[in-house]
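Asks: Got a structure for you, written out below as structure tokens; questions coming shortly.
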Amino acid sequence: MRLGHHLAMFVLLTPGAMAVPAHAATIQIVMENLVVSPAEASAKVGDTIEWVNKDILAHTATAKNGDFDVAIAPKTTVTSVLQKAGTVEYYCRYHPNMKAVLTIAP
Ligand SMILES: [Cu+2]
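Here the sequence shown is numbered in our numbering, starting from -13 and rising by one per residue.
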């Protein structure tokens, strides 16, 4: 009970506080009509990427260097937290023309 009380106070005293640390951001990357947008995005380790697939086809965000491989079913949104810094080129395994770059700062 004590812990719950303290957490509640923290939320009340911190306007706009979310469940994530203040320095972490959420970046939305949209896949629509077989295009990834934005094609170049910047983020930091610890940030959350919200992969939004607006198509009726399944897509993936597959890093060329193997750092991540996210499957996004049609008309769904998948979130993943960035674990590793680097400039990562990624593509869709089903539609290799869908390409983009994510620059992840440490
Ligand atoms: Cu695809």
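Yeah, the Cβ is synthetic: ideal placement off N, Cα and C, and Gly gets one too.
Would you list the residues sitting across from Thr12 in a DSSP beta bridge?
Replies: Residue mapping note: residue 12 aligns to position 26 of the sequence shown, counting from 1. In DSSP, Thr12 forms a bridge with Thr34.
Asks: Pull up the CB-CB distance for Val56 and Val67, whole angstroms please, since I reckon it's below 8 angstroms.
Replies: Numbered from 1 along the sequence shown, position 70 holds the residue referred to as residue 56. Numbered from 1 along the sequence shown, position 81 holds the residue referred to as residue 67. That belief does not hold up - the Cβ atoms of Val56 and Val67 are roughly 11 angstroms apart, past 8 angstroms.
Asks: How about Ile15 and Ile35: are their beta carbons less than 8 angstroms apart?
Replies: Counting from one through the sequence shown, the residue named residue 15 turns up at place 29. Counting from one through the sequence shown, the residue named residue 35 turns up at place 49. Yes; because the gap between Cβ atoms is below 8 angstroms, this pair is in contact.
Asks: Does the Cβ of Ala3 have 16 or more other Cβ atoms within 10 Å, making it buried, or fewer, making it exposed?
Replies: The count along the sequence shown starts at 1 and reaches residue 3 at position 17. Residue confidence for Ala3 is low, a pLDDT of 49 falling below 50, so the modelled location carries little weight; the figure read from the coordinates is stated next. By the 10 Å Cβ count, Ala3 comes out exposed.
Asks: Straight-line CA distance for Ala(-6) to His9?
Replies: Walking along the sequence shown from the start, residue -6 turns up at place 8. Walking along the sequence shown from the start, residue 9 turns up at place 23. For Ala(-6), the predicted structure reports a pLDDT of 49, less than 50, and the residue's modelled location is therefore unreliable. A value from the coordinates is still provided. Between Ala(-6) and His9, the C-alpha separation is close to 21 angstroms.
Asks: Can you name, in chain order, every residue of its own chain whose Cβ lies under 8 angstroms from the Cβ of Asn51, other than the five neighbours on each side?
Replies: Stepping through the sequence shown from its first residue, residue 51 is reached at position 65. Within the same chain, Asn51 has close Cβ partners Gly72, Val74, Glu75.
Asks: Where DSSP assigns a beta bridge to Leu107, which residues make up the other side?
Replies: Here the chain has residues from -13 to 92 only, and residue 107 is not among them.
Asks: To the nearest angstrom, how far is the alpha carbon of His81 from that of Leu20?
Replies: On the sequence shown, residue 81 is found 95 positions in, with the first residue counted as 1. On the sequence shown, residue 20 is found 34 positions in, with the first residue counted as 1. So the alpha carbons of these two residues sit roughly 7 angstroms apart.
Asks: Output the distance between the C-alpha atoms of Ile13 and Asn83, rounded to the nearest integer angstrom.
Replies: As a working mapping, residue 13 is identified with position 27 in the sequence shown. As a working mapping, residue 83 is identified with position 97 in the sequence shown. Approximately 22 angstroms, taken between the alpha carbons.
Asks: Assuming Glu18 and Ala86 are in contact, meaning their beta carbons sit under 8 angstroms apart, how far apart are those beta carbons, in whole angstroms?
Replies: Against the sequence shown, residue 18 aligns to sequence position 32. Against the sequence shown, residue 86 aligns to sequence position 100. With 8 angstroms as the limit, Glu18 and Ala86 do not qualify as a contact, their Cβ atoms being about 13 angstroms apart.
Asks: With a CB to CB cut of under 6 angstroms and the five nearest residues on each side skipped, what residues in its chain are close to Cys78?
Replies: Taking the first residue of the sequence shown as position 1, residue 78 is located at position 92. His45, Thr46, Met84, listed in sequence order.
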